[in-house]
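Input: a single structure, listed below in structure tokens.
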Amino acid sequence: MKASRLILLVHVLSTAAVLVHAFDPFTTTMVVGIGATLGRTIYKYFHESCDSKWIDFNSTALKTDLEQKLFGQHVASRIVLKAVNGFMSNESPKKPLVLSLHGWTGTGKNFVSQMIAESIFKEGMDSSFVHVFTSTLHFPHPIQIDTYKSELQQWIKGNVSSCERSLFIFDEMDKMHPGLIDCIKPYLDYYDKLDGVSYRKAIFIFLSNSGGESIVQTALDFWRAGRDRSEIQLKDLETSLSLSVFNNKESGFFRTSLIDRNLVDFFVPFLPLEFKHVVQCVMAEMKARNLDLDQDVADQVAKDLVYFPKVDRVFSAKGCKTIDSKLDYYTKD
Ligand SMILES: Nc1ncnc2c1ncn2[C@@H]1O[C@H](COP(=O)(O)OP(=O)(O)OP(=O)(O)O)[C@@H](O)[C@H]1O
Ligand SMILES: [Mg+2]
């Protein structure tokens, strides 16, 4: 519960307690009763629950966010909007929605996951129905794989049992143990129910850098051929993505049969970001901080980042990451 709500609740209950003190036993019982009911109502009103008051998909908000806040990702933006719109408008989906977001570092994969969460849950990423797993953080020791497996399964089952519209975000999917990926497979499949629980309304988002290099290669080919970035289509990326990701023996993600069984509904490629996108990111950050928008500073911040390939300096090595701290350096005396 947010601090402001808690303060309000404490205030109401303490007012009730003061009133109780001032009355005889009968009145006291009545006031305590009213206080408790009031407390419960207030609690229910402010406490997030698994219903339409707290979970209400806003397609327009998602569209606006993707169009206005996400830079340089026309392919990803289109797929995400279509996928989430389609899934959320289907009253009885046959399986949960499974999205796999791929791309170079700092290109907006977590950012987009956050937008999706915000478009569905009133509380956004703070919602108790949004769950983020980071492989290296939550599952660091391969030796404990069996414990992780059962914990993860219990966790997914428990959360979906309490709210069928749960969102799971698996970060660093490429570093996840194949055994763990295997154990979540049943939940992604076309089952009506597993152990009495239906997973069909849940959403799973996988984030990884795998395929990033081949996406960069395609973007670079377009750039070298003098073609506009906006001409890049999903089909241009799919082939190279599938060759580098799906046939990559190193990638834990794809040594599993997630792909063979078609459990992933959409592969979403994120393009590497260019100088102009980084400038946009800096301007957005200035706006978020209520600073005066200064194009010169934005250019300067963007110029000081590292770009690759070394000779052409086309793409930002860290995408729009680290801009926060860089901007501090330029704007603080
Ligand atoms: N395409 C983008 N448009 C606008 N802002 C972006 C974009 N990409 C990244 N950013 C900004 O940079 C921050 C970091 O990006 P994000 O965490 O989404 O990267 P990522 O793709 O998940 O990287 P990694 O692979 O390293 O985890 C975001 O919070 C956002 O502020
Ligand atoms: Mg990330």
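Sequence positions in the sequence shown follow mature numbering (1 follows the signal peptide of the UniProt record, and there is no 0) and run -22 to -1, 1 to 311.
Don't be surprised by glycine CBs; every beta carbon is placed ideally from N, CA and C.
Rounded C-alpha distance that separates LYS171 from LYS135: Residue 171 sits at position 193 when you count from the first residue of the sequence shown. Residue 135 sits at position 157 when you count from the first residue of the sequence shown. Answer to the nearest angstrom: the Cα atoms are 11 Å apart.
Element boundaries [alpha helix (DSSP H), containing VAL260]: As a working note, residue 260 is residue 282 in the sequence shown. Unbroken alpha helix (DSSP H) run through VAL260: 253 to 266.
Taking its Cβ as the centre, do 16 or more other Cβ atoms sit within 10 Å of SER294, making it buried, or is it exposed? What you label residue 294 is simply residue 316 of the sequence shown in a count that begins at 1. Classification for SER294: buried.
Would you identify the three-state DSSP class for PRO71, choosing helix, strand or coil? Mapped onto the sequence shown, residue 71 falls at position 93. Three-state result, PRO71: coil.
Evaluate the contact criterion for the segment 120 to 128 versus the segment 152 to 162: three or more CB pairs, one atom per stretch, below 8 Å. yes
Assuming THR83 is part of the beta strand (DSSP E), what are its boundary residues? As a working mapping, residue 83 is identified with position 105 in the sequence shown. Careful: THR83 lies outside any beta strand (DSSP E) and carries neither H nor E.
Going by DSSP, which residues form a beta bridge with THR112? Within the sequence shown, residue 112 is the residue found at index 134, counting from 1. Its beta-bridge partners are ASP149.
Is LEU249 near ligand 2, with its Cβ less than 7 Å from a heavy atom? Translated into positions along the sequence shown, residue 249 becomes position 271. Shortest gap from the CB of LEU249 to any heavy atom of ligand 2: 7 Å or more.
Within the continuous alpha helix (DSSP H) that includes VAL275, where are the two ends? For the purposes of this step, residue 275 is identified with residue 297 of the sequence shown, where counting begins at 1. Looking at the DSSP string, the run of the alpha helix (DSSP H) that includes VAL275 is 273 to 281.
Considering only DSSP beta bridges, list what SER294 is partnered with. As a working mapping, residue 294 is identified with position 316 in the sequence shown. DSSP lists TYR285 as the beta-bridge partner residues of SER294.
If you measure between the beta carbons of LEU44 and SER37, is that distance less than 8 Å? For the purposes of this step, residue 44 is identified with residue 66 of the sequence shown, where counting begins at 1. For the purposes of this step, residue 37 is identified with residue 59 of the sequence shown, where counting begins at 1. No; because the gap between Cβ atoms is not below 8 Å, this pair is not in contact.
Residue 316 burial status per 10 Å Cβ neighbour count (16 or more: buried): The structure shown does not extend to residue 316, since the chain spans only -22 to 311, so no value can be given for it.
Out of curiosity, what's the CA-to-CA distance linking SER(-19) and PHE24? Sequence index remark: in the sequence shown, residue -19 carries index 4 (1-based). Sequence index remark: in the sequence shown, residue 24 carries index 46 (1-based). Confidence in SER(-19) is poor, its pLDDT being 48 and thus under 50, which makes the residue's placement too unreliable to answer from.
For ligand 1, any of its heavy atoms closer than 7 Å to the Cβ of GLY102? For the purposes of this step, residue 102 is identified with residue 124 of the sequence shown, where counting begins at 1. GLY102: no, Cβ never under 7 Å from ligand 1.
Excluding sequence positions up to five away, which residues of its chain have a Cβ less than 7 Å from the Cβ of VAL292? Working through the sequence shown from its first residue, we reach residue 292 at position 314. Answer for VAL292: LEU198, TRP201, GLU252 and TYR285, listed in chain order.
For THR85, count neighbouring Cβ atoms within 10 angstroms of its own Cβ and tell me buried if that reaches 16, exposed if not. Here residue 85 refers to the residue found at position 107 of the sequence shown. Buried, because 16 or more other Cβ atoms sit within 10 Å of the Cβ of THR85.
C-alpha distance - GLN132 paired with SER139, whole-angstrom precision: Within the sequence shown, numbered from 1, the residue matching residue 132 stands at position 154. Within the sequence shown, numbered from 1, the residue matching residue 139 stands at position 161. Those two C-alpha atoms are separated by around 10 Å.
Cβ-heavy atom distance between LYS87 and ligand 1 below 7 Å? Within the sequence shown, numbered from 1, the residue matching residue 87 stands at position 109. For ligand 1, at least one heavy atom lies less than 7 Å from the Cβ of LYS87.
At a cut-off of 7 Å, would you count LYS299 as near ligand 1, judging by its Cβ distance to the nearest heavy atom? Taking the first residue of the sequence shown as 1, we reach residue 299 at position 321. At least one heavy atom of ligand 1 is nearer than 7 Å to the Cβ of LYS299, so yes.
Cβ neighbour criterion (16 or more within 10 Å) applied to GLU96: Along the sequence shown, one-based indexing puts residue 96 at 118. By the neighbour-count rule (16 or more Cβ atoms within 10 Å), GLU96 is buried.
Looking at C-beta atoms only, is the number of pairs between the segment 180 to 194 and the segment 70 to 88 that lie closer than 8 Å three or more? yes
The alpha helix (DSSP H) spanning SER192 covers which residue range? Translated into positions along the sequence shown, residue 192 becomes position 214. 190 to 202 is the span of the alpha helix (DSSP H), which, as asked, contains SER192.
Under the three-state reduction of DSSP, which class applies to LEU40: helix, strand or coil? In the sequence shown, the residue the question calls residue 40 occupies position 62. LEU40: helix per DSSP, three-state reduction.
Complete runs of the beta strand (DSSP E) confined to the segment 122 to 190 [at least 3 residues]: 145 to 149 and 181 to 186
Where do the ends of the alpha helix (DSSP H) carrying PHE245 lie? Within the sequence shown, the letter at position 267 stands for residue 245. Here PHE245 belongs to no alpha helix (DSSP H); instead the beta strand (DSSP E) covers 244 to 248.
Reduced DSSP category for SER105 - H, G, I as helix; E, B as strand; rest coil: Here residue 105 refers to the residue found at position 127 of the sequence shown. DSSP places SER105 in coil when its eight states are reduced to three.
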